[in-house]
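Mind the numbering: the sequence shown is residues 1 to 135 in UniProt numbering, read in order. The C-beta atom is built at its ideal place from N, Cα and C for all residues, glycine as well. Here is the structure we will look at, set down as structure tokens.
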Amino acid sequence: MSCLKNMCILIFVMLLISGNEVMAARLLVDTVLPEVPELPKPEALPLPKVPNLPKPELPLPKVELPPLPHLPSVPKPEFPSVPHVAKPELPTLPKPELPKLPELPTLPHLPDLPKPTLPTIPSFPKDIPHSTTTP
């Protein structure tokens, strides 16, 4: 089978090199593939069985927890108090006087100028044949 496959590939490559693509395509179409026998299907493994567990009795018995050990209480720490200090009075600063800004001169009235016109691009006539090849 491997020899037949290699032979077909060799013929196909030689036909492509010779420039006869139609013959190579026809050869590929006419090639008969060997029949592959069907393999047997594998059987599925049986699933493991889960044992049946007994149902719990209702109501469930109460579980008694042992008492928690006694924890000694820790006294709260006493922080020393900070003496109150009066804030010192700050002297008031005089407001600085800013110099007055000079008045702006009035602008002269400009006359209304005509709006500029944009140049127009002439359109090409529609019946010019376009060339299909570029020089």
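Nearest-angstrom Cα separation, counted from residue j out to residue i
i      : j      : result
Leu10  : Val36  : 23 angstroms
Leu101 : Ser81  : 56 angstroms
Asp112 : Leu118 : 18 angstroms
Leu58  : Leu71  : 37 angstroms
Phe124 : Glu103 : 59 angstroms
Pro114 : Thr120 : 18 angstroms
Pro75  : Pro56  : 49 angstroms
Lys5   : Glu43  : 34 angstroms
Leu98  : Pro88  : 30 angstroms
Asn52  : Leu33  : 56 angstroms
Residues near residue i by beta carbon distance below 6 angstroms, same chain, minus five either side
i      : result
Thr106 : none
CB contact check: residue i to chain D, cutoff 9 angstroms
i     : result
Leu90 : Reference to chain D is not applicable here, since this structure consists of a single protein chain.
Nearest candidate by alpha-carbon position, reference residue i, set the options
i     : options                : result
Lys29 : Ala44, Val63 and Phe12 : In the sequence on display, residue 29 carries Val and not Lys. Here the closest residue by C-alpha is Phe12.
Beta-carbon gap between residue i and residue j smaller than 9 angstroms
i     : j    : result
Leu27 : Cys3 : no
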